[in-house]
Ligand SMILES: Cc1ncc(COP(=O)(O)O)c(C=O)c1O
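Numbering (this note's numbering), first residue to last: 135 to 518.
See the structure below:
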């Protein structure tokens, strides 16, 4: 049996974390520099550099940093004027932040099922959900695979809808050669600790339009107007600090290395898992670059061990995993039990199947070959 080293304690225990941040660039130097400069709050050189560097990397004209990806979604909706009476289409299979932020903005989330291969919103199911109230589509680039943007953008153009990309999980993914984050009227990123680029906590909205960027900046900072303490609209404190931006900038500088490591991990898993019966692996459609933020697998009947039991057995052997998201139509908070609660119930068979059968394997950038072999050995042992 392999002995797997816990990198934090360097003791020979068998523990493989699902994802741990790697901060091996100039993070420390930049944070110390920011500290020494005294610019520790929400203004400073690192904020400007981080916003510009990430917008440039994604082919967007403007970047507006904020405190997390959830706030980024709220800001994007508010800056585009999405609100009461509006409907926003989202995949049923997503993190709850998508639905919550639409609700918080006063609009109504409307669910669309996802594709069984990429786990992203299914463009063939979008039209049937469009009503006169539909204002925007919010595609989520799931687990690192880009959404099929051409048909989404075509439908949006045809119906005069905004596109707000949720790229929280897909830093560096490309579609037809262009990075995600540069397609929508706005695009939202998370820089939480498990993301490909992290600030610890952080987020950013990218936009092509200067007026949208200006509105994002205004709303991020309490909607302070030209006359101090006179506010024409309701804003928020969604600011990011210069210290967090210092970490983010150092991370962006190493994006290509990070993506190469993620790809190498995915290729190794692909090779090790290709003959495992009843296990579906992530795909990479033609014209797309999947960045494999998390290496997800779906356990079909042929696998021979159900998802919960598989995760428990792996946990007993020190292998951390996470189950896939539970779809929005199955969330207790959206069961419409009283008139104040959203009712998102309905049938979304692909999302439900993924939610019941998917899990992701350890996928951190620092994962070693020996750790991956150990993970796969333990996964295979669940079948016996
Ligand atoms: C698809 C998606 N959207 C939004 C978010 C929210 O980001 P944050 O955790 O930074 O608020 C996440 C976080 O993982 C996410 O996966």
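For glycine and all other residues, C-beta sits at the position ideal for the given N, C-alpha and C.
- Within the same chain, 307 and 308 come within 7 Å of residue 423 by CB-CB distance, once the 5 residues on both sides are set aside.
- Rounded to the nearest angstrom, the gap between the Cα atoms of residue 255 and residue 246 is 7 Å.
- Residue burial annotation: residue 235 is buried, with at least 16 other C-beta atoms found within 10 angstroms of its C-beta.
- Remark: the C-beta of residue 203 is in contact range of ligand 1, defined as less than 6 Å to any heavy atom.
- Residue 397 has its alpha-carbon roughly 10 Å from the corresponding atom of residue 391.
- Under the three-state reduction of DSSP, residue 286 is assigned to helix.
- In this structure, DSSP gives residue 299 an extended state, which the three-state scheme calls strand.
- Taking 4 residues as the minimum length, the alpha helix (DSSP H) runs contained wholly in the stretch 195 to 228 are 203 to 213, in order along the chain.
- DSSP places residue 312 within a strand segment (E or B) once states are collapsed to three.
- Residue 345 sits exposed, since fewer than 16 C-beta atoms from the chains shown fall within 10 Å of its C-beta.
- Sequence-distant partners of residue 174 (beyond 5 residues in either direction) whose C-beta falls short of 8 Å from its own C-beta, in its chain, are 168, 375, 376 and 377.
- Note on geometry: alpha-carbon atoms of residue 402 and residue 506 lie some 8 Å from one another.
- The shortest C-alpha to C-alpha distance from residue 310 to any of 206, 324 and 285 is the one to 285.
- Residue pairing from DSSP places residue 371 in a beta bridge opposite 355.
- Around the C-beta of residue 166, fewer than 16 other C-beta atoms lie within 10 Å, and the residue is accordingly described as exposed.
- Looking at the DSSP output, residue 422 sits in a beta bridge with 309.
- Taking non-hydrogen atoms of ligand 1 into account, the C-beta of residue 421 is found less than 6 Å away from none of them.
- Close CB contacts of residue 466 within its chain, under the 8 Å cut and outside five residues either way in sequence, are absent.
- Under DSSP, the beta-bridge partners assigned to residue 268 are 221.
- Not one heavy atom of ligand 1 lies closer than 6 Å to the C-beta of residue 457.
- In the three-state DSSP reduction, residue 397 falls in the helix class (H, G or I).
- Rounded to whole angstroms, the Cβ separation of residue 265 and residue 221 is 6 Å, and the two are in contact under 8 Å.
- For residue 233, the enclosing alpha helix (DSSP H) begins and ends at 230 to 238.
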